[in-house]
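To get this note's numbering, take the position in the sequence shown, counting from 1, and add 582.
The beta-carbon is built from N, C-alpha and C at its ideal position, and this holds for glycine as well.
None of the values given here were measured: they were computed from a predicted structure.
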Amino acid sequence: MKCPKCGYHTFDYAESCKKCGRTLNVKLRYKTIYEHALESAGKKTARQQKEETIDDSIQQPLFTSPSYETLFAEPTESQVDEEELDLDLAGFASRGAAFLIDLIILFGITTVTLAAGLYFADSNLETGSAGFMNLVMTVYLVLLFLSSTYFIFLQGFGGRTIGKMVLGIRVIREDGESIGLREAFIRWVGYIISTIFLFIGFIWALFDQKGQTWHDKFAGTYVVRE
């Protein structure tokens, strides 16, 4: 459309001249087409926004599944330490009774060994005091060997002494597996240390949250019911 005043060419649907501002006679047909185009453009924009919103909701799942690394990752050391042990720990009374049975058995072995040694000494007194002291030392070493063998080998190959067999308890490692000779030897050394400190290491199980004695802690073991 051409402005009759200034001659500026503008849109057919414009109601006034953009140059001089004069009011123009707009044809109804052009105005209707323009308004319809505006309305269609507005609907299209709203529809596009709605579709984009739906696409975003589809791309973002409601529930995020854990990754492979999360499902199969090994627990950290701190997590392992915080896990509660699912073990049927033996009580202090049953452990004490089993140990008492073991001491009685060792006392019987000691008595037989000592009696045999004294009988041998009586028949060889002519060897003198030096020979007698050598015999006492030999008997002492034999007793030490018997006691160590009793606790180390019985527990190292089965986790049980005779006393523990009678009471139905067993020594296991912290991972639940049976102990070996290494753990059994460390426990036996722990017996000696606990005895030196007036048996405090044995009594420690009464106050320990996990029911462990000193030799249990040294060897990393637990005593459980079978």
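With a contact defined as Cβ atoms closer than 8 Å, G802 and E756 qualify at about 5 Å. Scanning the stretch 773-805 from its first residue to its last, the whole alpha helix (DSSP H) runs of 4-plus residues come out as 782-785, 796-801.
Counting of Cβ neighbours within 10 angstroms places Y804 among the buried residues, the total reaching 16 or more. R677 sits in a helix when the DSSP states are folded into three classes.
Around the beta carbon of R752, a 10 Å sphere encloses 16 or more other beta carbons of the protein chains shown; the residue is thus reported as buried.
Under DSSP, T605 takes part in a beta bridge, and its partners are S598. Distance from the CA of F781 to the CA of R764, rounded to the nearest whole angstrom, comes to 23 Å. Between D684 and T743, the gap from beta carbon to beta carbon is short of 8 Å.
Boundaries cannot be given for I761, as no alpha helix (DSSP H) includes it and DSSP labels it neither H nor E.
C-alpha of L749 to C-alpha of N716: approximately 39 Å in a straight line. For G758, the number of other beta carbons within 10 angstroms of its own is below 16, and it is reported as exposed. Under the DSSP assignment, R752 falls in the beta strand (DSSP E) whose first and last residues are 751-755.
The way I'd put it, the stretch 771-787 doesn't touch the stretch 688-705; fewer than three beta-carbon pairs between them come closer than 8 Å. Under DSSP, R807 forms a beta bridge with I751.
Ranked by Cα distance from A675, the first of S729, G745, V718, F689 is G745. With respect to G741, I761 sits close: the two C-beta atoms are nearer than 8 Å.
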